[in-house]
Structure formats: structure tokens, C-alpha cells
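S.K.:
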Ligand code: GDP
């Protein structure tokens, strides 16, 4: 929580700071409400959330004197209420043997790192974990996953760069089934420059996986980088069109004041938010908690 709070309140444009002072012994009028709405939009929470918060705050208080603390309490409550719908930890159904998790997202979003963190966490839970280096376009991504594998003592299925990712996913799942693995985490390429290619590849991976297990992939998780702000919403739009996204993990919340976009994503898609990344280390992944997040955001 400390790191999340430090990250979200880092920049001077953080929400709490822009609210502080706005309402010091001021009457709640249209002008102050406009300023609040603007502060919320600046903080990437989106127009829909800003409007909703404005209405909640006005109700029964319009024209009355109001202070920062009350505004923050209402704001935190509203944000937490919206985020509650998305509070859904990632649960591995080991009985599926394996539970197959497909990780998608644009290059640089933190996909590989997050797979490494999840693998380490599942292993600590006593599960038998396998990773597949499905971003076969980038040699660096393959190497990086191999390093995470060594770090956490989890086997990584790899092929040379340029190999067919779907073939790799198929082989990995076959091996995981044969050897009784509980969970298989599959990395994928995130080349947004070529949407047709991206769609074709993800569709093919899903198709070959289903040949071995009709119910797989059991989760398709979109990894979003908080520092991209409002752009994260566009990424959900794009990936919703190319894959059946079942949940989201947002990374880099330790280093940004732009975490407000998570509220916009939650409000727009009502999608499970499984976890948040708060650093580059193997343990820097936390289950998403709506109340804690709202508190850190509002300050
Ligand atoms: P990929 O291209 O989507 O696989 O992204 P990577 O996993 O390679 O991550 C890109 C960069 O972001 C790397 O330098 C990671 O160390 C860094 N990164 C990933 N997650 C986090 C996080 O939660 N916090 C911070 N500060 N950095 C992160």
C-alpha cells in the first residue's frame, strides 16, 4: 500500500493535491463543481466518472459550505463503489490441470514481467507452474522470460525467435497436460502496429489450445501500463476486438500519478481487475483492492 500511495501521489497533479484548497470553506456552487470535474478528468478518471462524482457530491450539499475532507470522503467513497465491481483476484482452478492463462498487451506494458511475478506467486502457493515464451517475435522477450524462470525456478518452454507462436503454445499445453502441471502462463506478442497480424496470431493460439482443451484459455488477461494514462482505455478497446479479454492487470502504479485511468477502465468495461504492479521486483504484484486504491488515489 505504501508504494502504491507513493506512486499515485508522486506528481503534483495528483488528485488529492488538486482537490486540496479547492474547497477550503467554500460554498458548493457550479464553479467549484466545474473545477472538481476538471480535476477528475485531468487525473484520467474519464468524463463518465467525473459526472457521476459531481452528481453524488451535489446531492443534498449544493449551496452549502463544504470542506476538503468531506469532498475527499465522498470522492473516495464513489471511486471505491465503482471499483468494487472490478475487485476480483485471479483464482487458479488447479483441477483443470492445467489452468491456462493467456497474457496479452502492447509491447512494453509489463506483460513478461507480470507473467514472471504470477509464476513466482503461484509456485509459492504450492502449484506446479509452467511458462511459455509466446512472444516469438522478440528474442529479448524470450530471454527475459527465461531469466524470470530461473529466478523463480519455473520451467519456460521456448523456441527460437521467429518460430510459430501457436505451435509453441500447443506444444507447451501438451507437455503441461502430460506432466500434470496446475497452471500454464502463455506470453504473446504485442505488436499494435499490425492489428490484423495481432488478431490472426491470438485467434490461432486460441484455436490450437482448444484442440487440447475446449475450455481453455481459462483466462485472457490484458496487461495495461498506468503511465500511458487515458491511452490505456484505447488499448482495452483494441484488444477487446482481437481477443476475449476476461480481466485486467495494471502495471507501473508505483511510478505514476496517472492511476486514475483504472477507474475509467472499471467504469467503462465493468471488467475484473485482478492485480496491480507496483515495481519491477518479483514480489511487486498485489491483489487489487478497491478501498485501498481509492484511498491512495484521493490522498
Ligand atoms: P512487455 O514488453 O509487455 O513484456 O513488458 P516488460 O515486462 O518487458 O516490461 C517493460 C518494462 O517495464 C521493464 O523495464 C519492466 O521492468 C518494467 N515494469 C513492468 N512492470 C512494472 C511495474 O509494476 N512497475 C515498474 N516501475 N516497472 C515495471
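Residue numbers (full-length UniProt numbering): 17 to 315. Glycine included, every Cβ here is placed at the ideal spot set by N, Cα and C.
Rounded to whole angstroms, how far is the Cβ of residue 122 from the Cβ of residue 206, which I believe are closer than 8 Å?
M.R.: For the purposes of this step, residue 122 is taken as residue 106 along the chain shown, with counting starting at 1. For the purposes of this step, residue 206 is taken as residue 190 along the chain shown, with counting starting at 1. Correct: roughly 4 Å between the Cβ atoms.
S.K.: So does residue 305 have its beta carbon nearer than 7 Å to some heavy atom of ligand 1?
M.R.: Mapped onto the chain shown, residue 305 falls at position 289. It does not: the Cβ of residue 305 is nowhere closer than 7 Å to a heavy atom of ligand 1.
S.K.: If we call anything under 8 Å between Cβ atoms a contact, is residue 293 one with residue 130?
M.R.: To locate residue 293, count along the chain shown from 1; it is residue 277. To locate residue 130, count along the chain shown from 1; it is residue 114. It is a contact, given that the beta carbons lie within the stated cut-off.
S.K.: Between the C-alpha atoms of residue 261 and residue 254, what's the straight-line distance to the nearest angstrom?
M.R.: Your numbering for residue 261 matches position 245 in the chain shown. Your numbering for residue 254 matches position 238 in the chain shown. One C-alpha to the other measures close to 11 Å.
S.K.: To the nearest angstrom, how far is the alpha carbon of residue 148 from that of residue 201?
M.R.: As a position in the chain shown, residue 148 is number 132, starting the count at 1. As a position in the chain shown, residue 201 is number 185, starting the count at 1. Each residue's Cα considered, the two are about 6 Å apart.
S.K.: Tell whether a beta-carbon distance below 8 Å holds between residue 118 and residue 199.
M.R.: Looking up residue 118 in the chain shown gives position 102. Looking up residue 199 in the chain shown gives position 183. No, these two residues do not count as a Cβ contact at 8 Å.
S.K.: Closest to residue 189 by CA distance: which of 153, 51, 98 and 222 is it?
M.R.: In the chain shown, the residue the question calls residue 189 occupies position 173. Ranking 153, 51, 98 and 222 by Cα distance to residue 189 puts 222 first.
S.K.: Can you give the Cα-Cα distance for residue 95 and residue 310, rounded to whole angstroms?
M.R.: Position 79 of the chain shown holds residue 95. Position 294 of the chain shown holds residue 310. Straight-line Cα distance between these residues: approximately 6 Å.
S.K.: Under a Cβ-count criterion, where at least 16 other Cβ atoms within 10 Å of its own Cβ denotes burial, should residue 163 be classed as buried or exposed?
M.R.: Your numbering for residue 163 matches position 147 in the chain shown. So residue 163 ends up on the exposed side.
S.K.: Answer yes or no: the CB of residue 168 versus the heavy atoms of ligand 1, is any distance below 7 Å?
M.R.: Looking up residue 168 in the chain shown gives position 152. No; taking the cut-off as 7 Å, the Cβ of residue 168 has no heavy atom of ligand 1 nearer than that.
S.K.: Please list, in chain order, all residues of the same chain as residue 186 whose beta carbon is under 8 Å from its beta carbon, the five residues on each side excluded.
M.R.: Looking up residue 186 in the chain shown gives position 170. Closer than 8 Å at the Cβ level, and outside the excluded window around residue 186, lie 224, 225, 227 and 228.
S.K.: Please state whether DSSP places residue 265 in a helix, a strand or coil.
M.R.: For the purposes of this step, residue 265 is identified with residue 249 of the chain shown, where counting begins at 1. Note: residue 265 maps to strand in three-state DSSP.
S.K.: For residue 128, verify whether its CB is less than 7 Å away from any heavy atom of ligand 1.
M.R.: Numbered from 1 along the chain shown, position 112 holds the residue referred to as residue 128. Yes.
S.K.: Hey, is residue 217 close to ligand 1, as in C-beta under 7 Å from one of its heavy atoms?
M.R.: Translated into the one-based positions of the chain shown, residue 217 becomes position 201. Distances taken from the Cβ of residue 217 to the heavy atoms of ligand 1 include none shorter than 7 Å.
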